[in-house]
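In what follows, a single structure is set out as structure tokens and then discussed.
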Amino acid sequence: MAIMKKCTFCKRELKEDAVLEVCMDCGRGIWGEKMLNTIIRNMENARESGSLMQGSVGSDSVSKRKAA
Ligand SMILES: [Zn+2]
Numbered sequence: 007m008a009i010m011k012k013c014t015f016c017k018r019e020l021k022e023d024a025v026l027e028v029c030m031d032c033g034r035g036i037w038g039e040k041m042l043n044t045i046i047r048n049m050e051n052a053r054e055s056g057s058l059m060q061g062s063v064g065s066d067s068v069s070k071r072k073a074a
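Plus 6 on top of the position in the sequence shown (first one is 1) and you've got our numbering.
See the structure below:
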């Protein structure tokens with residue numbers, strides 16, 4: 007089921023596969039382009055590994071995809 011996500015700040019609708027609860031524009035304003043991309047990548051890695059570890063964004067421990 008798709009849950010419509012909205013940006014925490016501007017209430018704009020987000021893509022349903024968005025990993026953050028803020029839109030790209032707001033994220034850029036908060037973290038800056040580079041940091042935003044790093045955060046998104048970390049979130050996507052965490053989601054792929056099946057464990058969203060909240061509060062540990064920035065750890066780079068997810069370096070490899072799960073070996074099937
Ligand atoms: Zn926004």
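Glycine included, C-beta positions come from ideal geometry on N, C-alpha and C.
Treat the numbers as computed from the prediction; the structure is a model and nothing was measured.
Asked                                                                                             : Found
Endpoints, alpha helix (DSSP H) assigned at Lys-40                                                : 39-54
Short Cβ contact (8 Å threshold) for Leu-42 with Cys-29                                           : no
Any non-hydrogen atom of ligand 1 closer than 7 Å to Asp-31 Cβ                                    : yes
Contacting residues, own chain, Cβ-Cβ under 7 Å from Glu-50 (five flanking each side not counted) : Val-25
Arg-18 CB to nearest heavy atom of ligand 1 below 7 Å                                             : yes
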